[in-house]
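Asks: Mapping of the sequence shown onto the working numbering: residues 13 to 592, in sequence order.
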Amino acid sequence: MTDMSEDKGKGKRRSSEWFAGTGKNGFIHRSWMRNQGFAPDLFDGRPVIGIGSTWSEFTPCNAHLNRVAESIKRGVWEAGGFPLEFPAMSLGEPIMRPTTMLYRNLLAMEVEESIRANPMDGVILLAGCDKTTPGMLMGAASVDLPTLMMTGGPMLNGKFRGKDIGSGTDVWKFADEVRAGTMSEEEFTEAETCMARSAGHCMTMGTASTMASVTEALGMQLPGSAAIPAVDSRRYALAQIAGRRIVAMVQEDLKISKILTRDAFENAIKINAAVGGSTNAVVHLLALAGRVGVPLSLADFDHLARDIPVIVNLMPSGKYLMEDFFYAGGIPVVMSELGDLIHRDHVTVSGKSVAENIEKAKNWNEEVITPVSNPFQSAGSGTVVLTGSLAPDGAVLKISAASPHLLKHRGKARVFSTVEEYNVAADDLNMDIEGSDIIVLQNAGPKGYPGFPEVGNVSMPRKLLALGITDMVRISDARMSGTAYGTVVLHVSPEAAVGGPLALVENGDEIEIDVENRRLDLLVAPEVLAQRRAKWKAPTDGPTRGWSKLYVDHVMQADKGADLDFLVGGSGSEVPRHSH
């Protein structure tokens, strides 16, 4: 049990405003809680720990989190705390439509208000699937209590015909092979049964694994926790330790704002580059920084990552999977390998500095985690930021997942106003398209879709697949799955739906991409663009009620993190007024 003599908050906890009350209100708060069989002495002022869980059977990645919660509770009880679990909206990437990103900010709002409205002194957040991790962090950051994240862990490696296969990455690969006629429908179905063979989130370095890794890099997860497979007993053991630790964090008054500093965000950006992480980390970190008031811009993701090599050889950029990454040593090894390229002195949820957390890290497989001196991919191969006449406020591209010969390219635009329109055209073997053309997809941004879906990595046209062409430049205001690959320019800002230059592109226009010089330009005369703009009309078929309308009315652009404008910042943890 934690030494209660060092308890900085004893006698003045938030929860005491509920459970130490006298008269009518104290009676109400304690009496109704006792109907769950809690002993009277649990209301004696000990730390009340909220365990926010995004468990749901509609979210396959998080369907085991109820078991993780039980392990956390053991640790909380051991440390002298009082654990109480509460639900949060679950966002299942493989299931929800039109996109989980439409609901990330709603999850953040729910988590924020649930924490503030209830007698919590500290919080553990249980997440896993892509948007659940940033959504919960954003909500908790706007309250600023002692907070610790516990992600649910990746699935075991997929196994198909003697080879490892990766969630997402091989879906895109196999689907194109079926469309090209090189894989049968029967083989495709067989692979489906072999890919997701255990509990957990995607085992590629997709968005779920990226955000777990980034959260550890931020200092919000215990060291080594991001990569442990969901079904590994060590995840449940670490969850128990996390339960003990959150009680200590309450006693130390170690709030989330003390951990999420500018140094922490810089580390997260650099670790995302080193692991070949998802482009989605960009929008999530921008939004999270906005909640805690840390200055962070889209440009930071480019200049901070330029000197960082990709040292993790994982799909979609490489060969291996998260199970292999865990056995090699995980994020502590990556941070140790980067040495002085990252900040090492600031505090983390462990109560120790980054340097202390990683001092014993050892690399057990240099094929999976390569040395900085001999990296898997050279410095600057992660996510880059492009600007230019087509993306005045920026766009992103993941070099490690792109084709080198397309990183400097000029081609003619083939423009599609919706992804559905493109999908019909792409399946036509007579499609009017050449391998040198550039696909432009409009109206897939935060407001335009709405919700900012993962459709930017549109499938290759069947006509080109039949010719053996497997990649081409694709540009959109959409996102793409972190498990995806290709020369795909994403998050073009401003988006088409608000009148960004992307809305003015027409078939046959020349576009030039020059990654080395970080440029993305529409090669059309300004006077022609002015004429087109004069004729352009904003979409009028958006949502008319409910959350979707609130979202469209208030969502910010991708370069600002796509948070809602009125959710930026925080409202603190002040105890609300009485309810009765």
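Positions of the beta carbon are idealized from the N, C-alpha and C atoms, including for glycine. None of these values were measured; they are calculated from a predicted model.
Can you find the residues in the same chain that come closer than 7 Å, C-beta to C-beta, to Asp-275, ignoring five residues on each side of it along the sequence?
Replies: Only His-355, His-358 meet the Cβ criterion.
Asks: In the DSSP assignment, the beta strand (DSSP E) including Lys-171 goes from what residue to what residue?
Replies: Residues 170 to 172.
Asks: What is the rounded straight-line gap between the Cα of Ala-11 and the Cα of Ala-437?
Replies: The chain is shown from 13 up to 592; residue 11 falls before or after that span and cannot be answered.
Asks: Are the Cβ atoms of Pro-95 and Ile-84 separated by less than 8 Å?
Replies: Yes, these two residues count as a Cβ contact at 8 Å.
Asks: Have a look at Arg-422, Pro-416, Leu-514, Leu-477 and flag the residue whose alpha-carbon is nearest the alpha-carbon of Gly-460.
Replies: Here the closest residue by C-alpha is Leu-514.
Asks: My assumption, with CB atoms under 8 Å, is that Ile-450 sits in contact with Ile-523. Please give the rounded CB distance.
Replies: Their Cβ separation, rounded to whole angstroms, is 5 Å, which keeps Ile-450 and Ile-523 in contact under 8 Å.
Asks: Which residues in the same chain as Ile-258 place their Cβ atom closer than 6 Å to its Cβ, once the five residues preceding and following it in sequence are excluded?
Replies: Excluding positions up to five away in sequence, the list reads Ile-61, Gly-134, Ile-136, Leu-160.
Asks: So Pro-59 packs on Gly-93, CB below 8 Å; how close in whole Å?
Replies: About 4 Å; that satisfies the 8 Å criterion.
Asks: Going by the CB atoms, is the gap between His-41 and Phe-31 shorter than 8 Å?
Replies: For Phe-31 and His-41, yes; Cβs fall inside 8 Å.
Asks: Taking 8 Å as the threshold, find out whether the region 414 to 421 comes into contact with the region 492 to 500 through three or more Cβ pairs.
Replies: Flag = yes, the region 414 to 421 and the region 492 to 500 touch.
Asks: Would you mind reading off the limits of the alpha helix (DSSP H) that contains Ile-370?
Replies: Here the alpha helix (DSSP H) through Ile-370 covers 366 to 370.
Asks: Over the uninterrupted alpha helix (DSSP H) stretch that includes Asp-314, give me the two end residues.
Replies: Note, Asp-314: alpha helix (DSSP H), 310 to 315.
Asks: Taking DSSP as the reference, what is the three-state secondary structure of Gln-454?
Replies: In the structure shown, Gln-454 sits in coil (DSSP, three-state: anything other than H, G, I, E or B).
Asks: Any idea what DSSP makes of Ala-496, helix, strand or coil?
Replies: Correct three-state label for Ala-496: coil.
Asks: Is there contact here, the region 142 to 152 with the region 119 to 129, by at least three beta-carbon pairs under 8 Å?
Replies: Touching, yes.
Asks: Once you ignore the five residues that flank Asp-439 on each side, which residues in its own chain have a CB closer than 7 Å to its CB?
Replies: Excluding positions up to five away in sequence, the list reads Arg-474.
Asks: Determine which residues share a DSSP beta bridge with Leu-137 and list them.
Replies: Answer is Gly-64, Met-161.
Asks: Could you spell out the range, first to last residue, of the alpha helix (DSSP H) harbouring Gln-389?
Replies: It is not in any alpha helix (DSSP H) - Gln-389 instead sits in the beta strand (DSSP E) that spans 389 to 391.
Asks: Would you call the CB atoms of Ser-429 and Ile-411 closer than 8 Å?
Replies: No, the Cβ-Cβ distance between Ser-429 and Ile-411 is not below 8 Å.
Asks: Tell me which same chain residues have a C-beta within less than 7 Å of the C-beta of Phe-313, skipping the five on either side of it?
Replies: Contacts found: Ile-281, Val-294, Thr-395, Val-397.
Asks: So is the beta-carbon of Glu-124 under 7 Å away from any non-hydrogen atom of the ligand COA?
Replies: This structure does not include the ligand COA; it has no bound ligands of any sort.
Asks: Just to check my reading of the structure: Ala-75 and Ser-65 have Cβ atoms closer than 8 Å, yes? What is that Cβ distance to the nearest angstrom?
Replies: With 8 Å as the limit, Ala-75 and Ser-65 do not qualify as a contact, their Cβ atoms being about 11 Å apart.
Asks: For the region 299 to 314 and the region 570 to 578, state whether three or more C-beta atom pairs, one from each stretch, are separated by less than 8 Å.
Replies: With a cut-off of 8 Å, the region 570 to 578 and the region 299 to 314 count as touching, because enough Cβ pairs lie within range.
Asks: Report back the beta-carbon spacing between Gly-87 and Gly-363 to the nearest angstrom; my notes put them in contact at under 8 Å.
Replies: Actually they do not touch by this definition, with Cβ atoms about 15 Å apart.
Asks: With a threshold of 8 Å between beta-carbons, can Asp-526 be considered close to chain D, or not?
Replies: Included in the structure is just one protein chain, with no chain D present.
Asks: Please list the terminal residues of the continuous beta strand (DSSP E) segment that includes Pro-404.
Replies: Element bounds for Pro-404: 403 to 410.
Asks: Do the region 214 to 221 and the region 168 to 181 touch if we need at least three Cβ pairs shorter than 8 Å?
Replies: Yes: at least three Cβ pairs fall under 8 Å.
Asks: Would Gly-511 and Ala-542 be called neighbours here (beta carbons separated by less than 8 Å)?
Replies: Not closer than 8 Å, so no.
Asks: By DSSP's criteria, Leu-326 is part of a beta bridge. Which residues make up the other side?
Replies: Note: Leu-326 sits in a beta bridge opposite Tyr-332.
Asks: How should Val-408 be labelled, buried or exposed, when 16 other C-beta atoms within 10 angstroms of its C-beta is the threshold for buried?
Replies: Looking at its Cβ environment, which holds 16 or more other Cβ atoms inside 10 Å, Val-408 is buried.
Asks: Can you tell me whether Trp-30 is helix, strand or coil according to DSSP?
Replies: The answer is helix: DSSP assigns Trp-30 an H, G or I state.
Asks: With DSSP run on the structure shown, which of helix, strand or coil describes Asp-489?
Replies: Looking at Asp-489 - three-state DSSP - the assignment turns out to be coil, as it is neither helix nor strand.
Asks: May I have a chain-ordered list of the beta strand (DSSP E) segments no shorter than 3 residues that lie completely inside the region 66 to 143?
Replies: List check, beta strand (DSSP E) in window: 94 to 99, 134 to 139.
Asks: Would Ala-249 be called buried (16 or more neighbouring beta carbons within 10 Å of its own) or exposed?
Replies: When all chains shown are included, Ala-249 counts as exposed.
Asks: Starting from the Cα of Gly-581, find the closest Cα among Phe-337, Ala-153, Lys-36 and give me that residue.
Replies: Nearest of Phe-337, Ala-153, Lys-36 to Gly-581, Cα basis: Ala-153.
Asks: Could you give the distance in angstroms between the alpha-carbon of Leu-534 and the alpha-carbon of Gly-520?
Replies: One C-alpha to the other measures close to 11 Å.
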